[in-house]
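Colleague:
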Amino acid sequence: MCISISQVSRFRVHLIGSSCYERVHGCLKINSSPRLLDVRASSVDGTKNRWIRRNASTSTTTQGSKRSSNAKSSVLGGAVPITRIIDAESVTKIQQPFETLQQRLAKNKDLSNLLTVIVTDLETSGLSRVKSRIIEIAAQDLAGGVNSTFQTLVNPGVPIFNANIHGIRNDMVCRPEVPRMEELIPIFLRYVESRQKPGGYAIIVAHNGKTFDFQFLINEFSRCSFEIPDNWLFFDSLPLARDCMKSVEAEVKLKATLSALGDYFNLSRDGEAHRALSDVLLLSQVFQRLTINQKLSLSDLVLRSYTVSDLTSAIAKNKKD
DNA sequence: GAGTGAATTTGGGAGTGCGT
DNA sequence: ACGCACTCCCAAATTCACTC
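In terms of my numbering, the first sequence is residues 257 to 577.
1. With DSSP as the reference, please indicate the residues paired to N411 in a beta bridge.
2. Assuming D591 contacts G518 (C-beta within less than 8 Å), just tell me the rounded distance between them.
3. Give me the Cα-Cα distance between D526 and A516, rounded to the nearest whole angstrom.
4. DSSP three-state label for G382, please.
5. Where does Q544 sit, in a helix, a strand or coil, going by DSSP?
6. Indicate the three-state DSSP secondary structure (helix, strand or coil) for L371 in the structure shown.
7. Return the chain-ordered ranges of every beta strand (DSSP E) run that is complete within the segment 477-506 and spans a minimum of 3 residues.
8. Run through DSSP, which three-state label would T568 get?
9. Between S524, G423, L537, which lies nearest to S381 when the distance is taken from Cα to Cα?
10. Classify K328 as buried or exposed, calling it buried when 16 or more other Cβ atoms lie within 10 Å of its own Cβ.
11. Within the same chain, show all residues whose beta-carbon is closer than 8 Å to that of Q541, passing over the 5 residues directly before and after it, in chain order.
12. If we count the other Cβ atoms within 10 Å of its Cβ and call it buried at 16 or more, is E355 buried or exposed?
13. Can you give the Cα-Cα distance for G455 and N487, rounded to whole angstroms?
14. So, with DSSP's three-state summary, where would you put D526?
15. Who are the Cβ neighbours of L557 in its own chain at under 8 Å, not counting the five residues just before and after it?
16. Determine contact between the segment 466-475 and the segment 417-431, defined as no fewer than three beta-carbon pairs at a distance below 8 Å.
17. Is DSSP giving Q452 helix, strand or coil here?
18. Give me whichever residues DSSP pairs with A394 in a beta bridge.
19. Quick check on V558: does DSSP put it in helix, strand or coil?
20. So, helix, strand or coil for V402, using DSSP?
21. Taking DSSP as the reference, what is the three-state secondary structure of A532?
22. I believe I393 touches T408 by the beta-carbon criterion, under 8 Å. Please report the beta-carbon distance rounded to the nearest angstrom.
23. Rounded to whole angstroms, what is the Cα-Cα separation between L496 and N426?
24. Tell me whether the beta-carbon of E476 lies closer than 9 Å to the beta-carbon of M428.
25. Would you call the CB atoms of A399 and V375 closer than 9 Å?
26. Put A362 into one of helix, strand or coil per three-state DSSP.
27. Do you know how far the Cα of L440 is from the Cα of D535?
28. Could you have a look at I421 and say whether DSSP puts it in helix, strand or coil?
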């Protein structure tokens, strides 16, 4: 049974399957081969210390006779190795020390009364996460209704160099009626809050959001000394689109851009490409088709989403690297 | 048990795709 | 142009089945 996310308010069946939860963000990378585990080995004097890959089981039985495993990896450099073999059960315990917010939330039997799905899109003054700023923001609550759509230009306070992309020029945003980000954030917060259900969560959806839109949003909130509410989750539609395009049998590999997805689902665009509202309206339709196509339930949506701390730790890690 | 070769798995680097 | 995630390819490491 497959239900579009757009039917949130009428949604009754919440779990189609948990198989979609392939990329558990925030967890340690799991070795795809259960037999192979990394074992740290060092010599007694501590001068040699390196990682080797070793069979978790040190012996196997073949045709009734016991047989030792690869002898080459059992001794290192002639010294007596101090090894710590980690069994699969221990690895599982290490990898899942806590239940994440998403896992806890996904267990809820009445997710439709908790979640608000808001599709967003940003236009920016450039591609640099450091130097560029948001110049337009649009959002749409998939549940629809009165005041479900939000759109505004933003005065970035910096020059716009990529007007050729979106057509937004400096003179369009440097006007008294165009809010600056610090003025807009409280308005945007009120908009999202007005769409949320009592005690519920908002899932902010954006295409390539993890590496673009969400980073800009988090940076702008931080720059303006605002905190992103704890009851916001973030969902990137790009991996979902890639999964969908991968499953399509076609002679030419299909792209996962928003425009290509619109064409694939035979959707018409209302407005110019690379304008926030136009892209949001298209992404809303595309996202609904993707959820149907990929049989994505609300719990899958929650499990594949990110908390703000998931995203900020990823940003911090990238800065460190 | 030792040795061999095919099959499988992993990790790194290069290239590509995605957003504006 | 910027920066991140993903994909593909290849070499190296490792496992496994088999023979002697």
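Heads up, the beta-carbon is just placed ideally off N, CA and C, and yes, glycines get one too. As the structure is a prediction and not an experimental result, all values here were calculated from the model.
Modeller: Reading it off the structure:
1. R436
2. This structure leaves residue 591 out entirely; the chain is present only between 257 and 577.
3. 15 Å
4. coil
5. helix
6. strand
7. 488-492
8. helix
9. G423
10. Because the pLDDT of K328 is 32, which lies under 50, any placement of that residue in the model is unreliable, and the question is left without a value.
11. G518, F521, L523
12. exposed
13. 8 Å
14. coil
15. I261, L371, V373, I459, F491, T547
16. no
17. coil
18. D377, Q407
19. helix
20. coil
21. helix
22. 6 Å
23. 35 Å
24. no
25. no
26. helix
27. 20 Å
28. helix
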